[in-house]
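J.: Let me begin by handing over the structure; questions about it come next.
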Amino acid sequence: MEPFVQQPTGVFPSVCSLDCPDQCGLLVHKQDGKIVKIQGDPDHPVTKGNICNKVRNMTERIYDPKRLKYPLKRTGAKGEGKFTRISWDEAMETITAKWKELIETEGPESILPYSFYGNMGRLSAEGMDRRFFHRLGASLLDRTICSSAGSEGLQYTMGGGFGTDPEDTIHAKLIIFWGINAVSTNMHQVVLAQKARKNGAKIIVIDVHKNQTGQFADWFIPILPGTDAALALGVMHILFMENMVDDDFLAKYTVGHEELREHVVQYDPVTVSKMTGVPVADIYQLARWYGQTTPSFIRIGNGLQHHDNGGMCIRTIACLPALTGQWLVKGGGAIKSNSGYLALNQKSLQRPDLLQKKDTRIINMNLLGRALLEQDPPIKSLFVYGTNPAVVAPDSNKVRRGLTREDLFVVVHDLFLTETAKYADIVLPATSSFENTDLYTSYWHHYIQIQQPVIERYGEAKSNVEVFQLLAKNMGFEDSCLYETEEEMIRQALDNPNHPFLQGIDYEALVEKQYIKANVKPLLPGKLPTPSGKIELYSRKMEQDGYPPLPTYTPIANDGDFPFLFVPGPNHNFLNTTFSNHEKHISFEKEPRLYMNIQDALSKGIQDGDQIRVWNDRGECILKVSVGEHVLPGVVVTQGLWADSPGAKRLVNSLTPDRIADMGGGATFFSGRVDVEKC
1 MEPFVQQPTG
11 VFPSVCSLDC
21 PDQCGLLVHK
31 QDGKIVKIQG
41 DPDHPVTKGN
51 ICNKVRNMTE
61 RIYDPKRLKY
71 PLKRTGAKGE
81 GKFTRISWDE
91 AMETITAKWK
101 ELIETEGPES
111 ILPYSFYGNM
121 GRLSAEGMDR
131 RFFHRLGASL
141 LDRTICSSAG
151 SEGLQYTMGG
161 GFGTDPEDTI
171 HAKLIIFWGI
181 NAVSTNMHQV
191 VLAQKARKNG
201 AKIIVIDVHK
211 NQTGQFADWF
221 IPILPGTDAA
231 LALGVMHILF
241 MENMVDDDFL
251 AKYTVGHEEL
261 REHVVQYDPV
271 TVSKMTGVPV
281 ADIYQLARWY
291 GQTTPSFIRI
301 GNGLQHHDNG
311 GMCIRTIACL
321 PALTGQWLVK
331 GGGAIKSNSG
341 YLALNQKSLQ
351 RPDLLQKKDT
361 RIINMNLLGR
371 ALLEQDPPIK
381 SLFVYGTNPA
391 VVAPDSNKVR
401 RGLTREDLFV
411 VVHDLFLTET
421 AKYADIVLPA
431 TSSFENTDLY
441 TSYWHHYIQI
451 QQPVIERYGE
461 AKSNVEVFQL
471 LAKNMGFEDS
481 CLYETEEEMI
491 RQALDNPNHP
501 FLQGIDYEAL
511 VEKQYIKANV
521 KPLLPGKLPT
531 PSGKIELYSR
541 KMEQDGYPPL
551 PTYTPIANDG
561 DFPFLFVPGP
571 NHNFLNTTFS
581 NHEKHISFEK
591 EPRLYMNIQD
601 ALSKGIQDGD
611 QIRVWNDRGE
621 CILKVSVGEH
631 VLPGVVVTQG
641 LWADSPGAKR
651 LVNSLTPDRI
661 ADMGGGATFF
671 SGRVDVEKC
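Using the UniProt record's numbering, you'd call the opening residue of the sequence shown number 1 and step up by one each time.
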């Protein structure tokens, strides 16, 4: 069959590359070699043709005249955004000459890759790049900005990223969206919830902000940021006290239920209400709905783990389905992550064996500002791809101070001249996902998908795989694995004999079918990959690692003497900074706003629509205020990461702390405090 890229006109299967749990199946419409429309694939078993605004308007992003067409070299000051065109040969020679010099004078650990999942393709995000930097001997990046705290908490409880099959959640009779704005960030779970609702299910949303998902709920429960573990423990207290637990399930499939029963006595509803801001009567009602309804399903959100106590929070909520035996009921249980079902052969894909110095230093990506300003020995070169840390990283003003260092050689590989790229010495144009071959695995549903190139390269753009192969060649590296094709890498990644869920899934089958479901079986009955083989309500491993072995509430850290808890959540039409530079998506969102409780606004002399200054010791923003009852008193919320514009102060991550969460090296974006005043 003729490759898609060589067929100028037609409709071709594809997959969404965005860092989103839904990972939709797509159909790409081409006319005369160009994409003219993107729609959902109605045959995809989970996403079924429904797609979000972001993807529906992706064509305009692909052909945006602001998209980079060729390599650039900086001619102005760092951050000024002045560049001149150069060739790929000059770009490669400039980069590798500088790196050879640094390796000779400073050592390879003076070079740091900095990346994340701007493209969720496994080859793009964690394939040839890892091979190359392992071979180079560069400093290792701990990629912990998103889900690492919660993943570690879930690991202690369930043994890994294992949860309910989302396709089964249509059978649930109670659905709790806990700390997730699913309408904007997991829309197909909302579609499934809506089907369940038509069959009689009730939908509860627990969150710090009555966003679109909160408005969708049958019952919205507002909560103070960082106190979700306390609420979960209060629910456990009532479940045990009112005999709403499944004793047979606890005895057969868990360890530590006796200890947990005694432990949660201290989390009585009155105490928990004071911690969380949730009324006592509501805590009782929540616990009784949960304890008396089956199947009950909890969709555990991403934002919950972006607190100082985030890992323990996720671990605690993940214990709830065990108390009522929901894991044995179709449609019951929980999902925080299902990534464990689609685990690839990481060693074959990333080749950590290429790293000769086994104690190579590791730098947490949440500490980029500190690393650039304080690391000793210093970082002398930064290679950025798949992310935009000048806007996305916490304590962004510190990050930008680091990026202005004249002795820091910065390379950025991206589709656009991002805020970070403006600080670069060399900028390289990147392909879109529709121009690449890549492998995709969802962290929510159970389907593995392949992307084959649909369109020709835009200008002189190159994929991540190609760029790192060029760098390897210019560095003089001869290792054969640095020059393997995408097909060879996909075959190696799928060859994971120790992982039964991928058995029978190979390259040929994916090319033929485009998506294949993993061989998933219900979690229980069966043995979990925890030390005991059971759900660990009491974890000896946690005890050995220095954590409380039982689910425990610890308040978030003191973030200074500022009156408001600050939560910068996602918005509906951007994904981090992707689409934040595109006029259509900006028009959908209109402008950034700060949501504030009416009591707080009255006390500050602030009215709805006022321009206000939001500030702390790290930075400040000027935003329009939206006053109402969408947040509790003492809480302020923003939505979205907005691109810079002349004279506008809206860099919300200039306000966020770069502290590290309790587990997994995670971020603490949502544990900051601010003050607010009328401009």
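Ideal placement from N, C-alpha and C gives every residue a C-beta, glycine not left out.
Predicted model, so just to flag it, every value in this text is computed and none were measured.
In the DSSP output, what is tyrosine 385 paired with across the bridge?
T.: Ser115 and His413.
J.: Determine, using beta-carbon pairs with one atom in the segment 250–266 and one in the segment 335–346, whether at least three such pairs fall under 8 Å.
T.: As far as the Cβ criterion goes, the segment 250–266 does not touch the segment 335–346, which means the pair count is below three.
J.: Hey, is isoleucine 238's beta-carbon within less than 8 Å of any beta-carbon in chain D?
T.: The structure shown contains no chain D, having only a single protein chain.
J.: Return helix, strand or coil for glycine 340, following the three-state DSSP convention.
T.: Note: glycine 340 maps to helix in three-state DSSP.
J.: Using 8 Å as the Cβ pair cut-off and three pairs as the minimum, do the segment 193–212 and the segment 552–561 touch?
T.: Flag = no, the segment 193–212 and the segment 552–561 do not touch.
J.: Within a Cβ cutoff of 8 Å, which residues of the same chain sit near lysine 202, ignoring the five residues on either side of it in sequence?
T.: Around lysine 202: Lys173, Leu174, Ile175, Asp218, Trp219, Trp289 and Thr293.
J.: Just to check my reading of the structure: proline 113 and phenylalanine 383 have Cβ atoms closer than 8 Å, yes? What is that Cβ distance to the nearest angstrom?
T.: Correct: roughly 5 Å between the Cβ atoms.
J.: With which residues is glutamine 639 paired in a DSSP beta bridge?
T.: For glutamine 639, which the question treats as bridged, DSSP gives the partners Gly569.
J.: Give the range of the alpha helix (DSSP H) segment to which tyrosine 63 is assigned.
T.: Tyrosine 63 -> no alpha helix (DSSP H), and no H or E assigned at all.
J.: Going by CA-CA distance only, name the one from Ile300, Ile223, Ala493 and Arg401 that's closest to residue 736.
T.: The question about residue 736 has no answer, for the chain in this structure spans 1 to 679.
J.: Tell me which residues share the same chain as valine 36 and place their Cβ nearer than 8 Å to its Cβ, disregarding the 5 neighbours each side in the sequence.
T.: Same-chain partners within the cutoff: His29, Lys30 and Thr59.
J.: Mapping the DSSP letters down to three states, classify glutamate 242 as helix, strand or coil.
T.: Note: glutamate 242 maps to coil in three-state DSSP.
J.: Quick one, which of Glu2, Gly49 and Phe12 has its alpha-carbon nearest cysteine 24's?
T.: Comparing Cα positions, the closest option is Gly49.
J.: Have a look at Glu508, Pro522 and Leu523 and flag the residue whose alpha-carbon is nearest the alpha-carbon of isoleucine 516.
T.: When each option's Cα is compared against that of isoleucine 516, the closest is Glu508.
J.: Kindly list the residues whose CB is nearer than 8 Å to the CB of glutamate 487, restricted to its own chain and excluding five residues on each side of it in sequence; keep chain order.
T.: Closer than 8 Å at the Cβ level, and outside the excluded window around glutamate 487, lie Thr437 and Tyr507.
J.: Throw me the rounded Cβ distance for the proline 166 and histidine 445 pair, which I believe falls under 8 Å.
T.: That pair is a contact at about 5 Å.
J.: Please go through the same chain and pick out, in chain order, the residues whose beta-carbon is closer than 7 Å to the beta-carbon of valine 264, but skip the five residues on each side of it.
T.: These residues qualify, in order along the chain: Leu233, Met236, His237 and Phe240.
J.: If leucine 550 and glycine 159 are in contact, beta carbons under 8 Å, what's the gap, nearest whole angstrom?
T.: With a Cβ gap of about 17 Å, leucine 550 and glycine 159 do not count as contacting.
J.: Is threonine 441 buried or exposed, if buried means 16 or more other CB atoms sit within 10 Å of its CB?
T.: It is buried - the Cβ of threonine 441 has at least 16 other Cβ atoms within 10 Å.
J.: Using three-state DSSP, classify glutamine 254 as helix, strand or coil.
T.: First, the amino acid is wrong: residue 254 is threonine here, not glutamine. The answer is strand: DSSP assigns threonine 254 an E or B state.
J.: Quick one: what does DSSP say aspartate 561 is sitting in, helix, strand or coil?
T.: In the structure shown, aspartate 561 sits in coil (DSSP, three-state: anything other than H, G, I, E or B).
J.: Roughly how far, in whole angstroms, is the beta-carbon of tyrosine 458 from the beta-carbon of histidine 413, given that I think they are within contact range, below 8 Å?
T.: 14 Å between Cβ atoms; not a contact.
J.: With distances taken from CA atoms, which of Gly333, Ser110, Phe12 and Glu2 is nearest isoleucine 362?
T.: Taking only the C-alpha atoms, the option nearest isoleucine 362 is Ser110.
J.: Note down the Cα distance separating threonine 360 from glutamine 305, rounded to an integer number of angstroms.
T.: Cα to Cα, the separation comes out at about 28 Å.
J.: Around the C-beta of cysteine 679, are 16 or more other C-beta atoms found within 10 angstroms, so that it is buried, or is it exposed?
T.: So cysteine 679 counts as exposed.
J.: Can you give the Cα-Cα distance for glutamate 90 and alanine 421, rounded to whole angstroms?
T.: When rounded, the distance between both Cα atoms is 18 Å.
J.: Rounded C-beta distance between glycine 666 and glycine 402? I'm assuming under 8 Å.
T.: Between glycine 402 and glycine 666 the Cβ distance is about 21 Å, and since that is not below 8 Å, they are no contact.
J.: Is there contact here, the segment 589–609 with the segment 76–84, by at least three beta-carbon pairs under 8 Å?
T.: With the cut-off at 8 Å, the segment 589–609 and the segment 76–84 do not touch.
J.: Look at the alpha carbon of leucine 368 and the alpha carbon of proline 108, and state the distance between them as a whole number of angstroms.
T.: Leucine 368 and proline 108: Cα-Cα distance of roughly 18 Å.
J.: Are the beta-carbon atoms belonging to isoleucine 223 and glycine 163 less than 8 Å from one another?
T.: The answer is no: Cβ separation not under 8 Å.
J.: Decide if threonine 105 is buried, meaning its Cβ has at least 16 other Cβ atoms within 10 Å, or exposed.
T.: Answer is exposed; the Cβ neighbour count stays below 16.
J.: Less than 8 Å between the beta carbons of alanine 322 and isoleucine 535, yes or no?
T.: Yes. Within cutoff.
J.: Can you name, in chain order, every residue of its own chain whose Cβ lies under 6 Å from the Cβ of valine 410, other than the five neighbours on each side?
T.: Answer for valine 410: Leu382, Tyr423, Ala424 and Asp425, listed in chain order.
J.: Starting from glycine 291 and walking both ways along the alpha helix (DSSP H), at which residues does that stretch end?
T.: Segment 280–292, the alpha helix (DSSP H) holding glycine 291.
J.: What are the start and end residues of the alpha helix (DSSP H) that includes alanine 196?
T.: Note, alanine 196: alpha helix (DSSP H), 187–198.
J.: Would you mind sorting aspartate 395 into buried or exposed? The rule is 16 or more other CB atoms within 10 Å of its CB.
T.: Aspartate 395 comes out buried.
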